[in-house]
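Colleague: In our numbering, the protein residues as written are 226 to 334.
Below is one structure. I have some questions about it.
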Amino acid sequence: MTAPLKPCGTVAAYSRHLYHGEDPCRECLAAINTANKPRGRAKWELARLHWDTFLALRAEELASEPDAGEDSLRRASGRAGTRLASLHPGEFAGLLAKHRARLAKEVSR
Ligand SMILES: [Zn+2]
């Protein structure tokens, strides 16, 4: 017996859309954005704590971008944040836990 499918508006349903090659619906996009929020917030907080390192990493990442638009900056910042997190795994885990707890509180309000 298989478990019933999770409805739209969940991370599971979001993955299912992608698996089937569909564009995720609005409810599923909202769910994945919420699920990813703590990670983004934790990355930003870590970046502020290690600003000089973050800027250096971002400059490196920007150099590999084909053009210098706003999207390139956002992508480069995202990758720099991921690299910064791997340089400070313990600190990042702590921030992530804090932001997950905070989001859980916001959602239940
Ligand atoms: Zn959906």
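Heads up, the beta-carbon is just placed ideally off N, CA and C, and yes, glycines get one too.
#1: Which same chain residues, not among the five before or five after A310, have their C-beta less than 8 Å away from its C-beta?
#2: Report the option in T259, D292 and A281 whose CA atom is closest to the CA atom of L328.
#3: Can you give me the C-alpha to C-alpha distance between T227 and E331, rounded to a whole angstrom?
#4: Taking the alpha helix (DSSP H) that E270 belongs to, which residues open and close that run?
#5: Specify, as a first and last residue, the run of the alpha helix (DSSP H) that E295 falls within.
#6: Tell me which same chain residues have a C-beta within less than 6 Å of the C-beta of E252, skipping the five on either side of it?
#7: Between the alpha carbons of E286 and A293, how many angstroms are there, rounded?
#8: What are the boundary residues of the alpha helix (DSSP H) that H245 is part of?
Modeller: So, to answer that:
#1: A267, K268, L271 and F317
#2: The shortest C-alpha to C-alpha distance from L328 to any of T259, D292 and A281 is the one to T259.
#3: 33 Å
#4: R251 to L274
#5: E295 to L312
#6: C233 and G234
#7: 11 Å
#8: Neither: H245 is in no alpha helix (DSSP H) and is coded neither H nor E.
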